[in-house]
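Its first residue numbered 14, the sequence shown is counted upward by one per residue in the numbering used here.
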Amino acid sequence: MTSGDILHMRRAIALAARGLGGTSPNPVVGCVILDPSGQVAGEGFHAYAGGPHAEVVALREAGERARGGTAYVTLEPCNHTGRTGPCSTALLEAGVARVVVAVSDPNPKAAGGAAVLRRHGVLVHEGVLTAEAEEVNAAWLTFVRARRPYVTWKFAATVDGRSAAEDGTSQWITSPEARADVHRLRAGSDAVVAGIGTVLADDPRLTARVPAPLRAAPVLRVVVDPGARTPAAARVLDAEAPTLVAVAEDATVPAHLSHQAVRLPRVPGGIDLHALMAELHGRQIVSVLIEGGPTLAGAFLREGLVDRVVGYLAPALLGAGAAALGPAGVSTISEIHRLEFAEVTPVGPDLKLVLRPKSSVDSTSSGPQSPKES
């Protein structure tokens with residue numbers, strides 16, 4: 014692995030990030046093509062499901078300059094035919110002599126591209142900037158490896174951790190800038206999840222009021238409602254976006270929820286969240302944003318189903334009122350949920366914090382990898 018390999022793979026990772034929010038249920042992928050002299054000949058990224066893959070976009074730009082050159086790809090070139098053809102074949106037909114890969118494809122339907130390239134005499138170098146490439150593709154890798162959606166819990170609070178005043182009012186704790194950022198967060202998710210308590214108290218729409226990235230389907234709204242209490246007039250049932258209402262298997266479902274309701278096993282305190290994740294996985298939901306209330310957030314944390322926390326802290330104090338997080342399975346300090354900061358960014362007058370669980374095993378990790386070439 015050379016400094017040039019690192020430089021060009023880092024560029025490929027930056028290109029891959031441009032597809033975030035638009036490629037579901039596919040991964041984000043970036044590609045850089047060098048000509049035989051080492052000059053950049055083409056770049057590309059996967060922009061939307063069903064569209065051309067990163068390698069194809071980069072090869073089109075490179076043209077004949079790709080022959081005898083090097084391709085840097087953030088994910089192993091696919092080896093299957095879906096809505097597009099195999100990228101391994103495209104690289105072979107273009108005459109690329111060397112392919113550098115960051116992450117091996119964990120999807121058995123698409124894996125095997127590296128082996129095909131090697132069999133045809135292409136030099137394949139794997140494991141370059143794997144951790145960085147996995148980070149940008151964390152949602153899809155969790156979806157494939159853990160067989161559930163990648164879960165982000167979002168909250169907005171004062172610096173003393175209150176999400177509402179003592180009388181229940183909460184509009185607005187954070188600034189217009191922070192709320193606009195939340196809508197961008199929604200638009201980049203496949204589903205937004207809220208609990209019935211939030212629906213009854215706030216009557217949210219749970220829609221993304223910013224232009225959404227290109228995607229195969231609109232953002233799904235999900236209400237966790239064990240007792241099937243979502244009112245017929247609730248805004249979450251309007252025609253702006255599709256809605257799924259997760260009810261307990263023994264609930265009596267009113268007629269106005271008959272088309273949206275899905276029955277899931279009941280557990281103490283609500284419904285089985287692992288069953289809900291399996292249901293959403295089956296519906297090709299890759300990423301989930303939890304927005305609905307401290308009780309639901311605590312339940313997801315308790316079950317080990319939170320992969321990322323995004324908090325918006327307002328420079329304000331309440332001293333009393335609802336906490337941002339409800340009971341999360343912590344009865345003593347040794348059971349605390351430790352997090353590590355991934356990002357701290359000012360958003361208007363507020364502070365945006367992005368954190369990830371520190372003590373849990375990273376579901377996107379496939380174990381230690383060393384660069385290998387053959």
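Beta carbons: idealized from backbone N, C-alpha and C, even for Gly.
Check	Outcome
For Ile186, three-class secondary structure by DSSP	coil
Anticipated Cβ contact below 8 angstroms, Ala115 with Val141, distance rounded	6 angstroms
Asp363 - partner residues in DSSP beta bridges	Val360
Coil, strand or helix - Ser376 by DSSP	Here Ser376 scores only 43 on pLDDT, less than 50, and its place in the model should not be relied on; the value that follows carries that caveat. Here Ser376 sits in coil by DSSP.
Same chain, Cβ closer than 8 angstroms to Leu314, five either side skipped, listed in chain order	Trp166, Leu338, Ala341, Gly342 and His350
Pro121 burial status per 10 Å Cβ neighbour count (16 or more: buried)	exposed
With 16 other Cβ atoms within 10 Å as the buried cut-off, status of Asp118	buried
Test item: CB-CB of Ala259 and Gly282 under 8 angstroms	no
Selected residue, minimal CA-CA separation from Arg78, among Gly64, Ala107 and Thr97	Ala107
Cβ shell of Leu293 (< 7 angstroms), same chain only, five flanking positions each side left out	Pro162, Ala204 and Val301
Residue(s) in a DSSP beta bridge with Ser300	Tyr163
Rounded straight-line distance, which links the Cα of Thr308 to that of Leu368	20 angstroms
Residues that DSSP places opposite Arg321 in a beta bridge	Thr165
Any chain B beta carbon closer than 8 angstroms to Asp173	Among the chains in the structure shown there is no chain B, since it carries only a single protein chain.
Segments assigned beta strand (DSSP E), at least 3 residues, entirely inside the segment 102 to 132	111 to 116
Simplified DSSP assignment, three categories, for Lys385	With a pLDDT of 47 at Lys385, under the threshold of 50, the predicted position of this residue should be treated as unreliable, though the coordinate-derived value follows. Three-state DSSP puts Lys385 in a strand.
DSSP-derived helix/strand/coil call for Glu353	strand
CB of His138 within 8 angstroms of CB of Cys100, strictly	no
Residues that DSSP places opposite Thr256 in a beta bridge	Arg234
Nearest candidate by alpha-carbon position, reference Gly295, set Thr171, Arg160, Ala178 and Glu68	Arg160
Sufficient close CB pairs (3 or more, under 8 angstroms) joining the segment 318 to 325 to the segment 52 to 62	no
Same chain, Cβ closer than 6 angstroms to Asp48, five either side skipped, listed in chain order	Ala54, Arg78 and Gly82
contact_flag[the segment 169 to 186, the segment 267 to 284] where n(CB pairs < 8 angstroms) is 3 or more	no
Proximity of Val42 and Ala29 at Cβ, strictly below 8 angstroms	yes
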